[in-house]
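In the UniProt record's numbering, the protein residues as written are 233 to 927. Take a look at the structure set out below.
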Ligand code: SF4
C-alpha cells in the first residue's frame with residue numbers, strides 16, 4: 233500500500249469491479265484519493281472488501297488515460313487531438329452521412345456494464361431516439377444474457393431472487409459454474425462463513441476450485457463434469473428428485489403451472505435422463521449424482537448460485553431454466569436461504585440489462601413489439617420507435633461483413649479483446665466506416681476507431697450501479713472528469729449534435745425519468761436511496777416502497793412458475809482426433825476480466841500472466857513440463873502460453889484465464905453461442921496443445 237498521507241474528507245461510493253457491489257469510502261486529500269476504505273454500512277459488503285476494490289483503483293489516474301478527444305479519417309492515419317466540439321460534430325456528421333447512404337439501421341450502439349445505470353439508459357435512448365434504430369446491445373450479451381432469458385421464461389423476472397445475506401439462512405448450497413473465491417470474493421467470504429457453520433456444499437465444476445478443497449472448506453460433493461454437459465447434469469439431478477419421491481408437491485401444486493410441470497416430470501423421469509445414463513455424458517459417477525440430488529432435496533433450505541460457467545455455453549439458457557426447474561421442484565424459491573442466484577460478473581451487468589440495453593427490450597425488460605409499452609416511451613421521448621428488435625452484437629459483426637452495418641458507437645467496452653473469435657471481430661470492425669470509441673484508455677477496439685471520446689472512471693461521475701442482488705447503490709463523484717465530461721454528458725453532446733437534444737443537469741434527473749417509465753423502478757430516486765441508507769433493491773414501487781430483498785415470495789412475477797423441458801443437446805465443440813482437449817476459461821482473484829484496470833495499478837501483485845492449466849497425464853502425453861511454452865490451437869486460431877501442470881484440472885480438459893491481451897485466449901475461442909441469446913460459448917473450445925519453443 234502506498235502511503236499518500238492523511239485524508240481530509242471522505243466520499244461514499246461503490247466499487248467498479250464485480251457484481252457484489254461493495255460500498256467504499258473514498259478518503260480524499262484535496263482532489264486526490266488517498267485510500268479506499270470498505271464502508272461498514274455498505275449493505276452489500278458490511279465493511280468487507282477484496283483486494284481489487286481496496287487496492288486496485290490507481291488505474292483511474294494512470295498515465296495511459298486519454299483525456300483529449302481524437303479523430304482520424306482512416307484507421308491507418310495517426311490520431312489527431314481535437315476539441316470536444318470538433319470530435320462530436322465529426323462523429324455526428326459521420327452517423328448522418330452513413331444513415332443517409334445506407335439507411336438508419338446501418339448504425340448501432342453498445343452500452344457498458346462498467347458504466348452507470350443512467351449512462352446505459354442514455355446510450356439506449358440515444359440509439360433508439362437519435363439514431364432511430366433498435367440496434368443497441370450490451371456487453372451482458374457475452375456473459376449473462378441467458379440469465380435474463382431463462383429466468384424470465386420460468387420465474388417471470390430477469391434477475392436473481394435473493395439478497396447476499398440470504399446465504400446465512402441456507403442449509404445446502406449448489407455452486408455451479410462459478411468460482412466466487414476468485415470472482416466474487418466478498419460473497420464467497422459470507423458463503424464460507426455459512427459453510428463453517430455447517431451448511432452442506434455441492435460444487436458442479438470441471439475444475440477443482442477453492443471451494444472444492446481448501447484448508448478450511450471441503451465440498452460434500454464435487455461433481456467434476458465435462459465442459460458443456462451442465463444441462464445433462466441438472467437433468468440427471470432432477471431425475472433422482474422426480475423418481476425418488478423428493479418433489480415438493482405442495483409447493484409445485486400451489487405455485488406452478490401444473491401441465492408444464494407434469495410434462496417436465498415425465499421428461500426428467502425417462503431412463504435416458506437417469507444418472508446412470510448421464511454418467512457417460514458428464515463423466516461423473518452416477519452414485520455421486522444420486523447422493524448430491526438427495527442431499528439437495530432433503531437437506532433443508534436449498535440455494536443455487538451460478539456464474540458464467542452456466543451461461544457461456546451453447547445451452548446457456550437451457551441450463552438457467554434447468555436451475556430454475558430444480559429450485560421450483562424442491563420448493564426452494566420465495567423465502568430466506570433458498571433461491572436462484574446468478575453471480576453477475578461486472579459491477580453493473582444487472583443494471584445495464586435493466587436499462588433496456590438489449591435490442592428487443594425497452595427499460596424494465598419490456599419487448600419493443602409491445603404497442604402499449606412502445607407508445608409510453610414514444611410519448612415521453614417524442615419520437616417513434618421501431619417495433620422490430622434490432623441487431624445483437626454478433627449480428628452486427630455479421631452485418632458489417634455483409635456490408636449492411638457501417639457505424640458503431642461503443643461506450644466502455646473493448647469488443648476487440650473481450651468478444652470471441654478475435655479474427656472475425658477484427659474483420660467486422662475493419663469493414664465499418666465509422667467507429668466511435670468512448671473509453672478511459674486507448675483499448676484494442678480503438679485500433680479500429682475513427683473517433684475517440686475520453687471516458688470517465690467511476691470516481692468522476694454521479695449515478696448508480698445495480699449489483700447481482702438487484703441492489704441499486706449510489707456512485708458519487710470524487711473528482712472532476714479528467715477528459716472534461718462524464719460519460720453521460722458526452723452521450724448528451726452527441727445526441728444534441730444529431731438533432732435530438734437530451735437535457736439533464738444531473739444524473740438524478742435521468743433516474744427520475746427511468747422511474748417514470750419503468751414499473752419496477754417507480755419508487756427509485758437518489759433521494760429515496762439516501763433515505764434507505766445508500767441502496768435499494770428493485771422492484772421498488774408503490775407495492776414495495778422499501779424495495780424487494782426476496783422476490784417471488786407469495787407468487788412468481790409471471791404468476792405461476794413455469795417448468796421448461798431441458799433436453800441435453802451436445803455442443804458442436806466436442807473433442808476430436810485433431811482437437812482432443814476441451815479448453816475452458818475463468819478468472820483469478822487479483823485480475824479482472826481483460827485486465828484494462830487491474831493491469832494499470834502500481835501494486836506488484838497484479839503483475840502475473842495467463843497460464844494454461846493442464847493435467848499431468850495430458851502433459852506427459854505431450855512431453856510438456858511445468859513452465860514450458862505450449863501452443864493452443866482451435867479450429868479458428870492459435871495462441872501460446874506457459875503450461876501449469878496441475879491436478880486441479882481433470883484429464884482431457886485445459887483451462888486458462890484471459891486477463892492479458894498478449895495471451896489472446898479469445899484468438900482460439902469460437903463463435904459458437906447460446907441458441908437463445910447468442911451468448912458466446914467461451915467455456916468450451918475443442919483444442920490441441922503442443923509444446924513449442926518461444927522466441
Ligand atoms: Fe469490488 Fe467485488 Fe471485490 Fe467487492 S468483491 S471489493 S465489489 S471486486
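Note that CB positions come from ideal geometry on N, CA and C, so glycine has one too. Every value quoted in this text rests on a predicted model; they were computed, and no experiment measured them.
Compare the C-alpha of residue i against each of the options and name the closest.
i	options	result
residue 911	485, 895, 331, 379	379
residue 865	850, 882, 919, 826	919
residue 669	544, 393, 700, 640	640
residue 686	680, 694, 672, 624	672
residue 440	452, 456, 274	456
residue 470	444, 498, 447	498
residue 388	278, 793, 922, 581	793
residue 778	755, 788, 791, 785	755
residue 877	848, 885, 294	848
residue 903	655, 704, 707	655
residue 929	706, 260, 525, 324	An answer regarding residue 929 cannot be provided, because it is not within the stretch 233 to 927 covered by the chain.
residue 827	240, 404, 239, 250	250
residue 616	270, 360, 907	360
residue 280	271, 734, 326	271
residue 740	674, 423, 757, 691	757
residue 689	854, 492, 381, 293	293
residue 609	716, 458, 751	751
residue 618	601, 532, 625	601
residue 426	569, 512, 314, 477	569
residue 288	873, 860, 894, 833	833
residue 706	274, 317, 605	274
residue 319	770, 710, 895, 684	684
residue 517	538, 488, 453	453
One question on the structure: do residue i and residue j come within less than 8 Å of each other, judged by their Cβ atoms?
i	j	result
residue 437	residue 409	yes
residue 550	residue 798	yes
residue 366	residue 621	yes
residue 897	residue 817	yes
residue 348	residue 370	no
residue 562	residue 473	yes
residue 782	residue 393	yes
residue 891	residue 823	yes
residue 542	residue 411	no
residue 909	residue 546	no
residue 175	residue 368	Outside the shown range of the chain (233 to 927) lies residue 175, about which nothing can therefore be said.
residue 252	residue 276	yes
residue 582	residue 698	yes
residue 553	residue 731	no
residue 597	residue 384	yes
residue 821	residue 885	no
residue 375	residue 540	yes
Does the beta-carbon of residue i have 16 or more other beta-carbons within 10 angstroms, so that it is buried, or is it exposed?
i	result
residue 916	buried
residue 484	buried
residue 234	Its pLDDT being 49, under 50, residue 234 is placed unreliably by the model, and nothing is read from it.
residue 759	exposed
residue 646	buried
residue 914	buried
residue 888	buried
residue 667	buried
residue 883	exposed
residue 612	exposed
residue 432	buried
residue 809	exposed
residue 216	In the structure as shown, the chain starts at 233 and stops at 927, and residue 216 therefore has no counterpart that could be examined.
residue 350	buried
residue 653	buried
residue 648	buried
residue 503	exposed
residue 901	buried
residue 548	buried
residue 651	buried
residue 842	buried
residue 458	buried
residue 806	exposed
Next item on the list: For the segment 660–667 and the segment 624–637, state whether three or more C-beta atom pairs, one from each stretch, are separated by less than 8 Å.
Entry: By the Cβ criterion, the segment 660–667 is in contact with the segment 624–637, since at least three pairs of Cβ atoms, one from each stretch, lie closer than 8 Å.
Next item on the list: Check whether the segment 581–596 touches the segment 710–725, counting contact only when three or more Cβ pairs, one atom from each stretch, lie closer than 8 Å.
Entry: In short, these stretches do not touch, since the Cβ pair count stays below three.
Notebook entry, point to check: Do the segment 392–400 and the segment 573–583 meet, that is, are 3 or more Cβ pairs less than 8 Å apart?
Noted result: Touching, yes.
Margin query: With three or more beta-carbon pairs closer than 8 Å as the criterion, would you say the segment 297–308 touches the segment 441–454?
Written below: no
Margin query: Can you tell me which residues fall inside 5 Å of the ligand SF4, judged by beta-carbon distance to its nearest heavy atom, and keep chain order?
Written below: 247, 249, 250, 252, 254, 281, 282, 284, 285, 417, 418
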